[in-house]
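Heads up: the structure comes next, in C-alpha coordinates.
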Amino acid sequence: APKSEPAEVSPPGGAHSIFGFDEYLLFVRLVRNVLRCFALLPPSSNVQEEKELYDALAHVLTTVDKGAFQDVMTLFMPALFECMLRNQALMCVPQYLLQSPDTSRLFSKILLDFLLKHMDGLCGKQVLEPHGIFAFANELSPPEADEAAASAPHADDD
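To convert, take the position in the sequence shown, counting from 1, and add 898; that gives the numbering used here.
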(Lines of atoms letter the chains of each structure in order from A and count residues from 1; the text may use other names and numbers.)
(Lines give C-alpha, C1' and ligand atoms only; values in the text may rest on other atoms or scores of the structure.)
Protein backbone atom coordinates (compact mmCIF):
# COMPACT_ATOMS: atom_id res chain seq x y z
CA ALA A 1 0.00 0.00 0.00
CA PRO A 2 1.22 3.51 -0.71
CA LYS A 3 2.97 5.11 2.26
CA SER A 4 1.02 8.31 1.87
CA GLU A 5 -2.38 6.66 2.16
CA PRO A 6 -4.68 8.50 4.58
CA ALA A 7 -5.32 6.66 7.82
CA GLU A 8 -8.86 7.89 8.39
CA VAL A 9 -11.68 9.09 6.24
CA SER A 10 -14.04 11.76 7.43
CA PRO A 11 -17.54 12.40 6.11
CA PRO A 12 -17.86 14.36 2.90
CA GLY A 13 -16.18 17.67 3.57
CA GLY A 14 -17.05 19.22 0.24
CA ALA A 15 -19.99 21.51 0.66
CA HIS A 16 -21.09 20.61 -2.87
CA SER A 17 -21.22 16.83 -2.43
CA ILE A 18 -24.57 15.20 -3.11
CA PHE A 19 -23.33 11.81 -1.92
CA GLY A 20 -24.82 10.40 1.22
CA PHE A 21 -22.33 9.25 3.83
CA ASP A 22 -22.61 5.55 2.85
CA GLU A 23 -22.11 6.29 -0.86
CA TYR A 24 -19.19 8.56 -0.04
CA LEU A 25 -17.50 5.85 2.08
CA LEU A 26 -18.06 3.31 -0.68
CA PHE A 27 -16.42 5.64 -3.21
CA VAL A 28 -13.49 6.33 -0.85
CA ARG A 29 -12.99 2.59 -0.31
CA LEU A 30 -13.10 1.99 -4.06
CA VAL A 31 -10.41 4.59 -4.76
CA ARG A 32 -8.29 3.47 -1.79
CA ASN A 33 -8.42 -0.18 -2.84
CA VAL A 34 -7.74 0.55 -6.49
CA LEU A 35 -4.66 2.56 -5.51
CA ARG A 36 -3.54 -0.28 -3.24
CA CYS A 37 -3.83 -2.67 -6.18
CA PHE A 38 -1.93 -0.28 -8.45
CA ALA A 39 0.83 -0.04 -5.85
CA LEU A 40 1.19 -3.83 -5.91
CA LEU A 41 1.05 -4.32 -9.67
CA PRO A 42 4.32 -4.29 -11.57
CA PRO A 43 4.29 -2.48 -14.91
CA SER A 44 2.62 -4.71 -17.47
CA SER A 45 4.10 -5.90 -20.73
CA ASN A 46 0.65 -5.40 -22.26
CA VAL A 47 0.64 -1.59 -22.48
CA GLN A 48 -2.81 -1.37 -24.08
CA GLU A 49 -4.43 -3.50 -21.36
CA GLU A 50 -2.70 -1.48 -18.64
CA LYS A 51 -3.85 1.82 -20.18
CA GLU A 52 -7.43 0.56 -20.39
CA LEU A 53 -7.32 -0.32 -16.68
CA TYR A 54 -6.05 3.14 -15.72
CA ASP A 55 -8.49 4.87 -18.06
CA ALA A 56 -11.33 2.95 -16.39
CA LEU A 57 -10.33 4.38 -13.01
CA ALA A 58 -10.08 7.87 -14.46
CA HIS A 59 -13.50 7.51 -16.08
CA VAL A 60 -15.06 6.45 -12.77
CA LEU A 61 -13.51 9.51 -11.13
CA THR A 62 -15.16 11.79 -13.70
CA THR A 63 -18.63 10.40 -13.05
CA VAL A 64 -19.00 11.40 -9.40
CA ASP A 65 -20.23 14.76 -8.19
CA LYS A 66 -17.71 17.57 -7.85
CA GLY A 67 -17.72 17.66 -4.04
CA ALA A 68 -16.88 13.98 -3.71
CA PHE A 69 -14.32 14.24 -6.52
CA GLN A 70 -12.59 17.15 -4.81
CA ASP A 71 -12.54 15.47 -1.40
CA VAL A 72 -11.31 12.11 -2.66
CA MET A 73 -8.72 13.45 -5.09
CA THR A 74 -7.33 15.81 -2.47
CA LEU A 75 -7.22 12.95 0.03
CA PHE A 76 -5.59 10.44 -2.33
CA MET A 77 -3.39 12.71 -4.46
CA PRO A 78 -0.24 11.74 -2.51
CA ALA A 79 -0.99 8.03 -2.98
CA LEU A 80 -1.74 8.47 -6.69
CA PHE A 81 1.44 10.46 -7.15
CA GLU A 82 3.46 7.79 -5.33
CA CYS A 83 1.99 5.12 -7.63
CA MET A 84 2.90 7.25 -10.68
CA LEU A 85 6.49 7.41 -9.49
CA ARG A 86 6.63 3.60 -9.52
CA ASN A 87 4.77 3.18 -12.79
CA GLN A 88 4.71 6.04 -15.25
CA ALA A 89 1.89 4.40 -17.21
CA LEU A 90 -0.38 5.77 -14.48
CA MET A 91 0.27 9.23 -15.93
CA CYS A 92 -2.75 8.58 -18.13
CA VAL A 93 -5.00 9.08 -15.07
CA PRO A 94 -4.12 12.76 -14.51
CA GLN A 95 -4.03 13.24 -18.30
CA TYR A 96 -7.58 11.93 -18.54
CA LEU A 97 -8.75 14.09 -15.61
CA LEU A 98 -7.12 17.19 -17.08
CA GLN A 99 -8.70 16.58 -20.48
CA SER A 100 -12.20 15.85 -19.21
CA PRO A 101 -14.49 18.89 -19.24
CA ASP A 102 -16.14 17.57 -16.05
CA THR A 103 -12.94 17.48 -13.98
CA SER A 104 -10.31 19.57 -15.76
CA ARG A 105 -10.63 22.82 -13.85
CA LEU A 106 -11.08 21.21 -10.42
CA PHE A 107 -8.34 18.62 -10.90
CA SER A 108 -5.87 21.20 -12.19
CA LYS A 109 -6.40 23.16 -8.95
CA ILE A 110 -5.96 20.02 -6.82
CA LEU A 111 -2.85 19.02 -8.76
CA LEU A 112 -1.32 22.48 -8.61
CA ASP A 113 -1.97 22.75 -4.86
CA PHE A 114 -0.37 19.33 -4.33
CA LEU A 115 2.67 20.17 -6.44
CA LEU A 116 3.20 23.52 -4.75
CA LYS A 117 2.94 21.98 -1.25
CA HIS A 118 5.38 19.21 -2.13
CA MET A 119 7.75 21.00 -4.51
CA ASP A 120 10.85 20.54 -2.34
CA GLY A 121 10.40 16.78 -2.14
CA LEU A 122 9.53 16.42 -5.81
CA CYS A 123 12.60 17.94 -7.41
CA GLY A 124 14.42 15.39 -9.51
CA LYS A 125 11.49 12.97 -9.70
CA GLN A 126 10.99 11.49 -13.17
CA VAL A 127 7.33 12.38 -13.18
CA LEU A 128 8.31 16.05 -13.24
CA GLU A 129 10.51 15.68 -16.32
CA PRO A 130 9.32 17.24 -19.60
CA HIS A 131 7.33 14.11 -20.48
CA GLY A 132 5.67 14.09 -17.04
CA ILE A 133 3.02 16.16 -15.30
CA PHE A 134 4.46 19.54 -16.25
CA ALA A 135 4.07 18.54 -19.89
CA PHE A 136 0.35 19.06 -19.26
CA ALA A 137 0.82 22.74 -18.38
CA ASN A 138 -1.09 23.86 -21.41
CA GLU A 139 -3.95 21.56 -20.36
CA LEU A 140 -4.34 23.62 -17.18
CA SER A 141 -5.69 26.64 -19.01
CA PRO A 142 -9.48 26.37 -19.25
CA PRO A 143 -10.78 25.89 -22.81
CA GLU A 144 -13.14 28.84 -22.32
CA ALA A 145 -10.13 31.18 -22.06
CA ASP A 146 -8.81 29.92 -25.41
CA GLU A 147 -12.23 30.29 -27.03
CA ALA A 148 -12.65 33.82 -25.63
CA ALA A 149 -9.23 34.83 -26.91
CA ALA A 150 -9.94 33.35 -30.34
CA SER A 151 -13.31 35.11 -30.66
CA ALA A 152 -12.13 38.50 -29.33
CA PRO A 153 -12.10 41.23 -31.97
CA HIS A 154 -8.64 42.17 -33.14
CA ALA A 155 -7.61 45.81 -33.13
CA ASP A 156 -6.85 47.29 -36.51
CA ASP A 157 -3.39 48.77 -36.96
CA ASP A 158 -4.69 51.68 -39.09
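Ideal Cβ placement from N, Cα and C applies to all residues, glycine included.
- Assigned with DSSP and collapsed to three states, residue 943 falls in coil, not helix or strand.
- Judged by beta-carbon spacing, residue 981 lies within the 8 angstroms limit of residue 988, meaning their Cβ atoms are closer than that value.
- In this structure, the beta-carbon distance from residue 926 to residue 970 falls below 8 angstroms.
- In the three-state scheme derived from DSSP, where H, G and I count as helix and E and B as strand, residue 1002 is classed as helix.
- Taking a cut-off of 8 angstroms on C-beta distances, the region 946-957 does not touch the region 1003-1016, as fewer than three cross pairs fall below it.
- Residue 991 counts as buried, since at least 16 other C-beta atoms from the protein chains shown sit within 10 angstroms of its C-beta.
- Inclusion of residue 1008 and residue 968 in the CB contact set at 8 angstroms is warranted, their separation being smaller than that value.
- In the structure shown, residue 918 falls within a coil segment according to DSSP collapsed to helix, strand and coil.
- In this structure, residue 942 lies away from residue 950, with their beta-carbon atoms at least 8 angstroms apart.
- By the Cβ-count criterion, residue 919 is exposed, with fewer than 16 other Cβ atoms from all chains shown falling within 10 Å of its own Cβ.
- Cβ contact annotation for residue 939 (same chain, cutoff 8 angstroms, sequence separation greater than five): 985, in chain order.
- When secondary structure is reduced to three states using DSSP, residue 972 falls in the helix class.
- Cβ neighbours of residue 936 within its own chain (closer than 6 angstroms, five residues either side excluded): 981.
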